[in-house]
Amino acid sequence: MTTTRIAFIGGGNMATSLIAGLVADGYAPDSLQVADPNQDRREMLQTRYGVRVFADNRDALADADTLVLCVKPQLAAQVCTEIADAASARAPLVISIMAGVPEQAIQRWLGGTLAVVRAMPNTPAMVQTGAIGLHASPEVGEEGRNRAETILRAVGLTRWVETEAQIDAVTALSGSGPAYFFLFMEALEEAGISLGLDAETARLLTIQTALGAAKMAVESEDTPGQLRERVTSPGGTTERALEHLLEADLHALMKRAAHAAHDRAVELSRDLSEQA
233 MTTTRIAFIG GGNMATSLIA GLVADGYAPD SLQVADPNQD RREMLQTRYG
283 VRVFADNRDA LADADTLVLC VKPQLAAQVC TEIADAASAR APLVISIMAG
333 VPEQAIQRWL GGTLAVVRAM PNTPAMVQTG AIGLHASPEV GEEGRNRAET
383 ILRAVGLTRW VETEAQIDAV TALSGSGPAY FFLFMEALEE AGISLGLDAE
433 TARLLTIQTA LGAAKMAVES EDTPGQLRER VTSPGGTTER ALEHLLEADL
483 HALMKRAAHA AHDRAVELSR DLSEQA
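Structure, rendered in C-alpha cells:
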C-alpha cells in the first residue's frame, strides 16, 4: 500500500486504466481522487474501484500530493487556470498525459514553476500493456521521478527521455505506433481473405501471429532484424514475400510516416503552447 494521495483531473479511458492498474498494484482506493463533470462516469469509477469522486476539480486536488492531468489537450489552459490557486497551495507533483501540451505552458497556466512530468502513453495502456515515454521538468527531483514512474508503470513499460522535444519522437513511435500495426494487420487479414480463407479464420490467424511475433521479440535478446533472418529460410515462402516488401522500400516508408507524425506533434505542441 502507499500513502500517496493522487488526484486525477478527468476520468476518461486513460485515467480509468491508470486507476485500475494502481488498485491492482496495491494502492488504497480511497487514496485516489477523481474529478469528472459526468455523473455517470463518477458513479462508475466509485462503484467499480472504490475511489473518491468529485464534480469540482478543485475539490479533488484539495489534499493531494500528486496531480494527474487527464483532460483533452484543448481543455488544458481552461482546466489548469481553474485549479491554479489550489495547485499553488498544494504544490503537487504534476503528471500530464495531455498530448502535445508543453511543460512550460502547464506551469504558466498553473501559476508557478511546479514540478511537471510529461507522459506520453499509448492506447494499449488501456489493457495494461502500454509503452510510455516520460520527461521531467528541472523542478522534479529523484523522489518525484520515482513516484511518476511507479504510477505510470501500472499500465505498462516506461522510458525516460532526456529532452522534452523527444516526447514528440515518442509520440511518433509508440504513441501513434499501435495504428501502424493495426494497419499492417488489416492488410494481412485482407490478403488472407483474397487467398481463400474465410474472414474469421483470416482475422484470428492474423491476430495470433501478431501476438506471437511480439512475444518472441519481447522474450528474445535478438533484434527484430535478427529474428526476421532466423525465420526466413533461403528459397522459401517467407523470403519470397519479404522480397516484395523490401522492393517497396518498407523501411523508408515507415521512416517517412514516423517523421510525418513527429512533425504534426511539433505543430500541435506549438499551437497549444500559444493558448492564453
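Reminder that position 113 of the sequence shown reads as 345 in this note's numbering, one-by-one numbering, no gaps. Every residue, glycine too, gets a C-beta built ideally from N, C-alpha and C.
CA nearest to the CA of residue i, picked from the options
i, options, result
"Met358", "Leu254, Asp288 and Ile425", "Leu254"
"Val372", "Ile327, Thr438 and Ala294", "Ile327"
"Cys302", "His367, Phe240 and Leu443", "Phe240"
"Leu384", "Gly362, Ser369, Arg502 and Glu375", "Gly362"
"Ser263", "Asn378, Ile238, Ser249 and Gln360", "Ile238"
"Ala308", "Ala442, Glu335, Glu475 and Thr279", "Glu335"
"Ala318", "Ala337, Ala473, Ala292 and Lys304", "Ala292"
Contact belief for residue i with residue j at Cβ below 8 angstroms, rounded distance in angstroms
i, j, result
"Val266", "Gly243", "5 angstroms"
"Ile329", "Met246", "6 angstroms"
"Ser406", "Gly365", "7 angstroms"
"Ala380", "Val349", "4 angstroms"
Residue i - DSSP class collapsed to helix/strand/coil
i, result
"Ala239", "strand"
"Thr361", "coil"
"Ile338", "helix"
"Ala368", "strand"
"Ile327", "strand"
"Leu477", "helix"
"Ala267", "strand"
"Val450", "helix"
"Leu301", "strand"
"Arg488", "helix"
Boundaries (first-last residue) of the alpha helix (DSSP H) holding residue i
i, result
"Ala296", "Neither: Ala296 is in no alpha helix (DSSP H) and is coded neither H nor E."
"Tyr412", "Gly409 to Ser426"
"Ala404", "Careful: Ala404 lies outside any alpha helix (DSSP H) and carries neither H nor E."
Beta strand (DSSP E) segment containing residue i, residue limits
i, result
"Ala351", "Val348 to Met352"
"Gly388", "Gly388 to Trp392"
"Val285", "Arg284 to Phe286"
**Message:** Quick test of the definition: if touching needs 3 or more C-beta pairs under 8 angstroms, does the segment 416-428 touch the segment 397-407?
**Reply:** Output reads no: the segment 397-407 does not touch the segment 416-428.
**Message:** Using a Cβ distance threshold of 8 angstroms, determine whether the segment 335-342 contacts the segment 305-315, with at least three qualifying pairs required.
**Reply:** yes
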